[in-house]
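J.: In terms of this note's numbering, the sequence shown opens at residue 34 and continues consecutively. Pasting in a structure now, in structure tokens, and then I'll have a few things to ask.
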Amino acid sequence: MQYNKVLAIALFGTLLACNACKRETKDEKFKRDYEQFTQKECPRHIDQYTRMDSVLYDIESRTLTEYYTVSGRLDVDSIYTDGTLISDFRESLLKGLKGDLLMKPLKDEGVTFHYTYRSATTGKTRLELTYIKEEYGK
Numbered sequence: 034m035q036y037n038k039v040l041a042i043a044l045f046g047t048l049l050a051c052n053a054c055k056r057e058t059k060d061e062k063f064k065r066d067y068e069q070f071t072q073k074e075c076p077r078h079i080d081q082y083t084r085m086d087s088v089l090y091d092i093e094s095r096t097l098t099e100y101y102t103v104s105g106r107l108d109v110d111s112i113y114t115d116g117t118l119i120s121d122f123r124e125s126l127l128k129g130l131k132g133d134l135l136m137k138p139l140k141d142e143g144v145t146f147h148y149t150y151r152s153a154t155t156g157k158t159r160l161e162l163t164y165i166k167e168e169y170g171k
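Structure representation (structure tokens):
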């Protein structure tokens with residue numbers, strides 16, 4: 034009888050301790066996953082002119098930011114002053130985001146997607162694009 038009480042108390046204590054353990058939130062998981070992705074996969078060449086430097090998830094703003102460096106033919110001022118070209122690129126990137134199944138868990142959570150493109154020659158930001166749920170969720 035005494036043994037059963039001790040066992041019950043020990044089991045109850047273990048259950049309380051397990052419930053007190055901090056569970057990882059979705060945001061914490063996204064942050065950890067993209068930190069690991071950056072460490073293992075970056076820098077990564079997307080094409081001959083574009084390199085992905087890192088991917089960061091910010092818990093506070095719930096934003097996934099992809100950082101790229103552009104070089105060669107994509108590192109020219111005239112490209113980034115052409116409104117039509119930038120508009121077409123924005124729409125193309127949005128279409129890709131809408132169809133990207135790997136991003137579905139983030140899209141389901143309403144995460145903001147931010148893309149930053151920097152110049153390889155000057156290091157200055159050439160282009161920044163941001164998409165919110167109202168845009169990619171349509």
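All C-beta atoms in this analysis are idealised placements derived from N, C-alpha and C, irrespective of residue type, glycine included.
Hey, would you say Asp13 sits closer than 7 Å to Ile92, going by beta carbons?
T.: The question about residue 13 has no answer, for the chain in this structure spans 34 to 171.
J.: Within the region 66-143, note down every full alpha helix (DSSP H) run reaching 4 residues or more, in order along the chain.
T.: 110-114, 116-132 and 137-141
J.: For Glu61, name the three-state secondary structure that DSSP assigns.
T.: In the sequence shown, counting from the first residue as 1, residue 61 sits at position 28. It is helical.
J.: Smallest Cα separation from Asp115: which of Glu99, Lys131, Leu160 and Ala153?
T.: As a first step, residue 115 is located in the sequence shown; it is residue number 82 there, counting from the start. Comparing Cα-Cα distances from Asp115 to each of Glu99, Lys131, Leu160 and Ala153, the minimum goes to Leu160.
J.: Going by DSSP, what residue range makes up the alpha helix (DSSP H) through Lys166?
T.: Counting from one through the sequence shown, the residue named residue 166 turns up at place 133. Looking at the DSSP string, the run of the alpha helix (DSSP H) that includes Lys166 is Lys166 to Tyr169.
J.: What does Arg151 pair with, by DSSP beta-bridge criteria?
T.: For the purposes of this step, residue 151 is identified with residue 118 of the sequence shown, where counting begins at 1. Note: Arg151 sits in a beta bridge opposite Thr102 and Thr158.
J.: Can you have a look at Leu97 and say buried or exposed, based on whether 16 or more other CB atoms are within 10 angstroms of its CB?
T.: Taking the first residue of the sequence shown as 1, we reach residue 97 at position 64. The residue is buried, with at least 16 neighbouring Cβ atoms inside 10 Å.
J.: Taking contact to mean 3 or more Cβ pairs, one atom from each stretch, closer than 8 Å, check whether the region 123-130 and the region 75-94 are in contact.
T.: With contact defined as three or more Cβ pairs closer than 8 Å, the region 123-130 and the region 75-94 are not in contact.
J.: Closer than 6 Å by C-beta to Arg77: which residues in its own chain qualify, once you throw out the five before and the five after it? Chain order, please.
T.: For the purposes of this step, residue 77 is taken as residue 44 along the sequence shown, with counting starting at 1. Cβ within range, chain order: Met85.
J.: Compare the C-alpha of Tyr169 against each of Thr154, Cys75, Thr117 and Gly132 and name the closest.
T.: Looking up residue 169 in the sequence shown gives position 136. Of the candidates Thr154, Cys75, Thr117 and Gly132, the one whose C-alpha sits nearest the C-alpha of Tyr169 is Gly132.
J.: Just the Cα atoms here: how many angstroms apart are Tyr164 and Val88?
T.: On the sequence shown, position 131 is the one that residue 164 refers to. On the sequence shown, position 55 is the one that residue 88 refers to. Spanning the two alpha carbons is a distance of roughly 15 Å.
J.: Among the candidates Cys75, Lys140 and Thr102, whose CA atom is the shortest distance from the CA of Arg151?
T.: As a working mapping, residue 151 is identified with position 118 in the sequence shown. With distances taken between Cα atoms, Arg151 lies closest to Thr102.
J.: Under 7 Å between the Cβ atoms of Tyr90 and Lys64?
T.: Here residue 90 is taken as the residue at index 57 of the sequence shown, counted from 1. Here residue 64 is taken as the residue at index 31 of the sequence shown, counted from 1. Yes.
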